[in-house]
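*Asks:* In this text, residue positions in the sequence shown follow this note's numbering: the first is 611, and each later residue adds one.
Glycine included, every Cβ here is placed at the ideal spot set by N, Cα and C.
The structure displayed is predicted, hence computed values, not measured ones.
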Amino acid sequence: MPRLFWLSGVALAMLPAAACAAPPANLTDALVAAYYNNPTLQEQRAALRQADEEVPTALAGWKPTVELQGQFGRVTGAEKYNTTSFDPLTQKYVTTSSKVPENGTEKTAQVTVTQPIYKGGKTIAQTRQSKNDVAAARAQLLSQEQTIFQNVVQDYVAVVADQKLLALQQSNQDVLTKQLHDTQTQFNLGEITMTSVAQAQASLAQAQEQVQVAQGNLRIARENFRQLVGEYPADALAPPQPLVLPVSGKADAGKVAVANNPDVVAAEFNDASQKDAVDVAFSALMPQLSLQASAYKQSGSSGQNTYTSGASFIGQLTVPLYQGGSEYAAIRQAKAKEQQAFAAVLVAQRKAYSQATQSWEGMVSSRAAVLASNAQIKADAIALDGTEREELVGTRTTLDVLNAQQAVLTSQVQQVQNIAQMVNYSYAIAAAIGRLTARDLNLPVHAYDDQKYYDAVKYAGFGTGAAADRRAGIAPDGELLNAPPVPPVVPVSDSAQTAP
611 MPRLFWLSGV ALAMLPAAAC AAPPANLTDA LVAAYYNNPT LQEQRAALRQ ADEEVPTALA
671 GWKPTVELQG QFGRVTGAEK YNTTSFDPLT QKYVTTSSKV PENGTEKTAQ VTVTQPIYKG
731 GKTIAQTRQS KNDVAAARAQ LLSQEQTIFQ NVVQDYVAVV ADQKLLALQQ SNQDVLTKQL
791 HDTQTQFNLG EITMTSVAQA QASLAQAQEQ VQVAQGNLRI ARENFRQLVG EYPADALAPP
851 QPLVLPVSGK ADAGKVAVAN NPDVVAAEFN DASQKDAVDV AFSALMPQLS LQASAYKQSG
911 SSGQNTYTSG ASFIGQLTVP LYQGGSEYAA IRQAKAKEQQ AFAAVLVAQR KAYSQATQSW
971 EGMVSSRAAV LASNAQIKAD AIALDGTERE ELVGTRTTLD VLNAQQAVLT SQVQQVQNIA
1031 QMVNYSYAIA AAIGRLTARD LNLPVHAYDD QKYYDAVKYA GFGTGAAADR RAGIAPDGEL
1091 LNAPPVPPVV PVSDSAQTAP
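1. Between the C-alpha atoms of Tyr963 and Val868, what's the straight-line distance to the nearest angstrom?
2. Rounding to the nearest angstrom, what Cα-Cα distance links Thr967 and Ala876 in this structure?
3. From Ala643 to Lys865, what distance separates their C-alpha atoms?
4. Per DSSP, what kind of secondary structure is Ile727 in: helix, strand or coil?
5. Considering Tyr842, what are the terminal residues of the alpha helix (DSSP H) in which it resides?
6. To the nearest whole angstrom, what separates the beta carbons of Val565 and Gln783, a pair I think is in contact under 8 angstroms?
7. What does a CB cutoff of less than 7 angstroms around Thr722 pick up in its chain, not counting 5 residues either side in sequence?
8. Taking only beta-carbon atoms, is Gln837 less than 8 angstroms away from chain D?
9. Using the Cα positions of Pro939 and Gln959, report the straight-line distance between them to the nearest angstrom.
10. Quick check: the Cα distance between Gln780 and Asp995, rounded to an integer number of angstroms?
11. By the three-class DSSP mapping on this structure, what secondary structure does Lys1068 have?
12. Between Phe696 and the rest of its own chain, which residues show a CB-CB distance below 8 angstroms, the 5 nearest in sequence each way excluded?
13. Is it buried or exposed for Met804, if we count other Cβ within 10 angstroms and need 16 for buried?
14. Classify Glu664 as buried or exposed, calling it buried when 16 or more other Cβ atoms lie within 10 Å of its own Cβ.
15. With contact counted as at least three CB pairs below 8 angstroms, one residue from each stretch, are the segment 1013-1023 and the segment 744-763 in contact?
16. Which residues in the same chain as Val1100 place their Cβ atom closer than 7 angstroms to its Cβ, once the five residues preceding and following it in sequence are excluded?
17. Got a sec, what are the start and stop residues for the alpha helix (DSSP H) Lys885 sits in?
18. Secondary structure at Asn1052, three-state DSSP: helix, strand or coil?
19. Hey, out of Asp990, Asp662, Gln1027 and Lys860, whose CA is closest to Asp1010's CA?
20. Count the C-beta pairs between the segment 881-890 and the segment 937-954 that are closer than 8 angstroms, then say yes if the count reaches three, no if not.
21. For the candidate residues Ser707, Thr718, Thr706 and Ser900, whose alpha-carbon lies nearest to that of Tyr917?
22. For Asn984, count neighbouring C-beta atoms within 10 Å of its own C-beta (all shown protein chains included) and say buried if the count is 16 or more, exposed if not.
23. Less than 7 angstroms separating the Cβ of Asp990 from some heavy atom of the ligand COA?
24. Should Arg977 be labelled buried (16 or more other beta-carbon atoms within 10 Å of its own) or exposed?
25. How far does the beta strand (DSSP E) with Thr918 in it reach, from first residue to last?
26. Kindly indicate the opening and closing residues of the beta strand (DSSP E) around Ser904.
27. Would you kindly report the start and end of the unbroken alpha helix (DSSP H) that includes Tyr766?
28. Classify Arg1081 as helix, strand or coil using the three-state DSSP reduction.
29. What do you get for Ala632, buried or exposed, if any count of 16 or more other CB atoms within 10 angstroms of its CB means buried?
30. When you compare each of Asn834, Ala817 and Leu699 to Leu1012 by their alpha carbons, which one comes out closest?
31. Using three-state DSSP, classify Ala632 as helix, strand or coil.
32. Can you tell me whether DSSP reads Glu677 as helix, strand or coil?
33. Tell me the DSSP secondary structure of Thr638 in three-state form.
34. With distance defined between alpha-carbon atoms, name the residue in Val744, Thr667 and Val929 nearest to Glu878.
35. Kindly indicate which three-state DSSP category Pro626 falls into: helix, strand or coil?
36. Taking the beta carbon of Pro674 as the centre, do at least 16 other beta carbons fall within 10 Å, making it buried, or is it exposed?
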């Protein structure tokens, strides 16, 4: 009897992840493994940490700079003195020379502290810009996380669907093998002609070809899965189910997508960052004020036991009058970039709306197709049963039976494809509305906390990042410290890969 693969309903929750470190056996396992192991996600997390460093870089504009300069050298030589005097005995002027040797060391040390007071508003604008860049990078990380998860879902669904399709093709091959045997028996008894035998042989050959194609498709799907997740899926996989979505219709999905899609959020923060970049460029036209204090000490310059020292405190005001026009070009360029960033927001909004509404329409149509294909399978099965009965009494031919069997197979294959599309569309809607993250899916993972690294480096004046990485749970190679070990990738035998 025909059966509806995968589903007994239309909106079921995902299965819980397995507790052991076995190959992913359900969709949650696959998503968890990808969250920990996918290098693209690790790359995007590192990009976020790079953006975090823009904040302490900008805040450094408020802080003083301290410099220490020193010189040390050996002094070797002599000072020559000439003295001219009048000799009363000879009634002549006499010049005498004398030398004073100078041998020793000369040492100089100077410390300078510079405190910026006003930089034309540049520091304030750069601080705002850096914080907007961090917010944009966080949204980009969520966008990348959703992209990875959506691809994992598609690859997982592809593996399950290809397993189902392979099982259908193998079952069809078995049926046609028996059909050919029965046809040959009838031919030997003289009940049918050789034409019927040839038709049965052709159908069996085609079925064998389709089995080979299905096996190849399954192997490809497993390789695609391994590329994303880092390991092959288990042989027995739990059927994935459509997501229960937090939106009630197409219009609602489009509205939420425009407001909540991570690409839209990232574009909005990028636009805000470019507005701040205009203020940064304007600061080049403004005066700048700073204070500088220095102290120095120098010894050995005028003698072995002599030294000089001093200190200074200076206020420095710089008023730009003309700088060649480059500062105005930078302002115009920054304004054009802001206009570009604003247009990018509109592009992202339209794209998110389109993704949400198109995916909703796809889910609705595929759901209807699932119901229709289920009815078609039942009708084709009844037709096949009747055709087989009619063949027994001679009113139908072997070709009629083969065609009826092919119709059942075609409707079953179409049903599997319709269910796969329905599942994929539901996750595509979740991605479009920004609800396909580890947090929204309630995945059992130690989630990457993007705030910890930011807090560790925001006001940091020293350190090269090792302590901040540890605080954020990041290993030196960029992986999560609390991630489970990745099992070695062992290629599976052909028989295991093609098992239904």
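*Replies:* The structure says:
1. 6 angstroms
2. 21 angstroms
3. The straight-line gap from Cα to Cα measures roughly 32 angstroms.
4. strand
5. That residue, Tyr842, is in no alpha helix (DSSP H); it is neither H nor E in DSSP.
6. Look at the range of the chain in this structure, 611 to 1110, and you will see that residue 565 is not part of it.
7. Glu677, Gln902 and Ser904
8. This model lacks chain D altogether; it includes just one protein chain.
9. Position check: residue 939 holds Ala in this sequence, whereas Pro was assumed. Cα to Cα, the separation comes out at about 31 angstroms.
10. 20 angstroms
11. coil
12. Lys702, Tyr703 and Val704
13. exposed
14. buried
15. no
16. Only weak support is given to the placement of Val1100: the predicted model assigns it a pLDDT of 46, under 50, and the value that follows is read from those uncertain coordinates. So the list is empty, once near-sequence residues are dropped.
17. Counting along the chain, the unbroken alpha helix (DSSP H) around Lys885 starts and ends at Pro872 to Phe892.
18. coil
19. Asp990
20. yes
21. Thr718
22. buried
23. The ligand COA is not among the ligands present in this structure, which contains no ligands whatsoever.
24. Here Arg977 is buried, its C-beta having at least 16 other C-beta atoms within 10 Å.
25. Tyr917 to Thr928
26. Gln898 to Ser909
27. Lys732 to Asn798
28. helix
29. exposed
30. Ala817
31. In the structure shown, Ala632 falls within a coil segment according to DSSP collapsed to helix, strand and coil.
32. strand
33. helix
34. Val744
35. Note that Pro626 has pLDDT 43, beneath the 50 cutoff, so the model's placement of it is unreliable and the number below is only indicative. Three-state result, Pro626: coil.
36. The residue in question, Pro674, is exposed, as its Cβ has fewer than 16 Cβ neighbours within 10 Å.
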